[in-house]
Each structure stands twice: as C-alpha cells, then as structure tokens.
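Novice: Structure in structure tokens, see below.
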Amino acid sequence: MVSLPGINRKTTEKLILGVLLGVFFLIFWTLEPRFSAYLSGGEGLLIRFYDVGQGDAILIEKGTTQILIDGGPNDRILSYLGRDLLPWDREIELLVLTHPHADHLTGLIPVIERYKIDRILYYPSVYDTAGYQKFQELVKKEGAEVLFGKEDAQISVGEFFFQILWPTANFHSVNPNNESVVMLLDYQEFETLLLGDAEKEVQSQLIIKDDVEVIKVGHHGSANGSYEPLLRTVSPNLAVVSVGARNQYGHPHQQTLDLFAKFGIPLLITDLNGTITVRSDGHNFWYDTER
C-alpha cells in the first residue's frame with residue numbers, strides 16, 4: 036500500500052476505509068427506498084406519467100413488476116428508467132405500444148434493445164414508417180410473448196389486471212389515433228382509464244360501467260381527445276395530460292381545459308407539472324409532481 040506523504044500507514048488505511056464507507060453509505064442511502072420496496076413487493080401501486088415532451092410514456096409498477104406503456108418521442112425514457120428502477124432490474128414484464136405514431140413509439144426502441152421484455156402488447160396497425168418497421172423487427176428478435184390488443188382481451192400482470200376496451204377485432208382506420216389500444220387498469224378498488232390517442236369517434240363507443248379514479252386524457256388534451264358523455268360516465272377524480280411545452284399543436288386545447296373545469300376535475304399537465312406520480316394502496320390514491 037502506498038502511504039500519503041507525511042501520513043503513516045495506519046492513518047492512510049483509516050482514511051481509505053473512511054472514504055469507502057462514505058461511498059457505501061451514499062449508495063445505500065440513494066438505493067435504500069427502492070431496495071426496500073423491491074424486497075417487500077412495494078407498498079402499493081405506482082404510476083409515473085413521465086415528462087417526455089410531446090408524447091406519452093407511462094411506467095406502472097409494484098415491487099418487482101413493471102409495465103411500460105409507450106416510450107415518448109425520444110430516448111429520455113432511458114434516463115427515467117435508469118433513475119426509477121434498481122440497477123440490476125433489467126426486466127420489464129409488459130411493454131405496450133398504444134399506436135405507432137413516433138411520439139409514442141420512438142423511445143420504446145432503445146428500451147427493447149437494452150431491457151429484457153417478457154410480453155409485448157400492440158395492435159398490428161398498417162402504418163409505413165421506418166420507426167414502426169424497426170419496432171416490429173425488434174419485437175420478433177426479442178423473443179417475448181406477443182399479444183395483439185383487441186377489445187375484451189384481459190391481461191393479468193402480477194397484481195394488476197388490464198381490460199382492453201379498444202380496438203375491436205379487425206378494426207382499421209386511416210387515422211392511427213383511433214387504432215389506439217385503450218385499457219382499463221384495475222388494482223383492487225383503484226382503476227385508471229388509459230386512452231392513448233383515441234379520439235371522440237372511439238370514445239363514444241367505449242362501454243365502461245364503473246367510475247374510475249384517474250384518467251389519462253386522450254390525444255394530449257386536443258379538442259377531439261375528450262368525449263363529454265364518457266367523462267360524465269367515468270367521473271374521474273384526477274386527469275393527466277401528457278404534452279410538450281410550447282408544442283406546435285397548441286395542446287392542450289382550451290376546449291379541453293374548459294371541459295374538465297366544468298366537471299371540477301383536477302387536471303395535471305406534464306409540461307407544467309413535470310413527471311406526475313400517482314400512488315395507490317388499492318383503495319385510496321395520492322399524487323405528487325416534479326414541479
């Protein structure tokens with residue numbers, strides 16, 4: 036061992052040991068909440084609506100179970116997963132592409148390349164882009180179980196239960212938004228409606244009998260992304276819009292903001308609030324925001 040100038044060997048060893056212990060406790064302090072949740076199966080459900088810009092990316096997790104719905108328009112999702120998942124947890128139990136537009140698809144490509152994916156759910160839309168072609172090629176190479184989203188399908192993942200509400204079998208539209216996989220997440224008594232980019236034409240055909248606690252607003256809060264009768268039926272306690280700051284589409288539209296204000300539904304928006312985290316024990320839910 037090389038001693039530091041003017042310091043004897045024992046003192047040098049103590050200094051090195053102190054530094055190593057300091058590094059260990061720093062790492063432990065950083066990872067301990069995630070590690071404890073990992074071992075215990077988590078204290079409950081976590082849904083993270085990530086601030087990825089003009090696009091969607093949602094992580095649903097409890098303990099060691101993770102579901103990723105869409106990946107956003109860039110690779111920012113990798114930074115979020117690196118932050119929120121334990122370093123050795125490189126497995127995603129279910130990956131969902133709601134529809135093949137780039138603002139939902141692009142970030143999934145590097146995720147599939149870097150993580151082990153158990154199951155992949157998407158609807159086989161006819162859509163000719165290089166990104167969608169690469170996604171489909173990676174899906175084949177991954178070796179994951181592939182599920183094609185269609186109405187009335189039911190998927191269990193850990194303690195989560197998903198009901199696919201749309202599309203109907205063999206449905207096709209010239210508008211890929213309306214081929215979005217629409218899902219109802221059920222965790223005990225807590226339900227979340229995930230609309231993808233489905234517009235009014237689709238939402239008017241959805242059959243949902245119960246209230247939901249949270250709704251992911253359709254099509255980034257556009258005027259055609261919310262259907263008032265559906266909103267009245269599901270009566271959510273919280274709504275989330277995933278949108279990019281100063282986006283060229285003007286999302287969310289004032290008509291949408293007015294609609295949710297009319298019903299007195301709190302509306303959180305990722306460009307203003309940052310990543311939005313919803314927690315539930317299966318009965319009650321809470322949320323917090325980055326900003």
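This note's numbering puts the first residue of the sequence shown at 36, with every later residue one more than the last.
Just so you know, even glycine gets a beta-carbon here, dropped at the ideal spot from N, CA and C.
(1) Flag this pair as yes or no: are the beta carbons of A92 and D110 separated by less than 8 Å?
(2) Label V278 either buried or exposed according to how many other C-beta atoms from any shown protein chain fall within 10 Å of its C-beta, with 16 as the threshold for buried.
(3) Can you have a look at Q238 and say buried or exposed, based on whether 16 or more other CB atoms are within 10 angstroms of its CB?
(4) Straight-line CA distance for F298 to V269?
(5) For the pair the stretch 206-226 and the stretch 311-318, tell me if three or more CB-CB distances fall below 8 Å.
(6) Measure the alpha-carbon distance for L303 versus F84 and round it to whole angstroms.
(7) Among residues of its own chain, excluding the 5 on either side of T133, which ones have a beta-carbon nearer than 6 Å to its beta-carbon?
(8) Is T203 close to the ligand ATP? I mean its beta-carbon at under 7 Å from any heavy atom of the ligand.
(9) Tell me where the alpha helix (DSSP H) around K176 begins and ends.
(10) Since Y157 and G184 are thought to touch, with beta carbons under 8 Å apart, how far apart are those beta carbons, to the nearest angstrom?
(11) Give a yes or no on whether the C-beta atoms belonging to G152 and L182 are separated by under 8 Å.
(12) Between which two residues does the alpha helix (DSSP H) harbouring I144 extend?
(13) Classify G76: buried if its beta carbon has 16 or more other beta carbons within 10 angstroms, exposed otherwise.
(14) Classify W64 as helix, strand or coil using the three-state DSSP reduction.
(15) For the beta strand (DSSP E) containing E96, list its first residue and its last residue.
(16) Pull up the distance between the alpha-carbon of F63 and that of T100, whole angstroms please.
(17) Do you know whose CA, among Y262, G178, L229, lies nearest I82's CA?
(18) State yes or no: is the C-beta of P202 within less than 8 Å of the C-beta of E186?
Specialist: In short, the structure shows the following:
(1) no
(2) Label assigned to V278: buried.
(3) buried
(4) 12 Å
(5) When C-beta atoms of the stretch 206-226 are compared with those of the stretch 311-318, three or more pairs fall below 8 Å, so the two segments count as touching.
(6) 10 Å
(7) D105, H139, S215, V216, G231
(8) For the structure depicted, the ligand ATP is absent and the ligand set is empty, with no information on it obtainable.
(9) 165-177
(10) 6 Å
(11) A quick correction: the sequence has Ile, not Gly, at residue 152. No, Cβ-Cβ distance for I152 and L182 is not below 8 Å.
(12) 143-149
(13) With a pLDDT of 45 at G76, under the threshold of 50, the modelled position of this residue cannot be trusted, and the question is left open.
(14) Only weak support is given to the placement of W64: the predicted model assigns it a pLDDT of 44, under 50, and the value that follows is read from those uncertain coordinates. The answer is helix: DSSP assigns W64 an H, G or I state.
(15) 93-97
(16) Note that F63 scores 42 on pLDDT, short of 50, meaning its location in the model is unreliable and no value can be drawn from it.
(17) Comparing alpha-carbon positions, the option among Y262, G178, L229 lying closest to I82 turns out to be L229.
(18) Yes, these two residues count as a Cβ contact at 8 Å.
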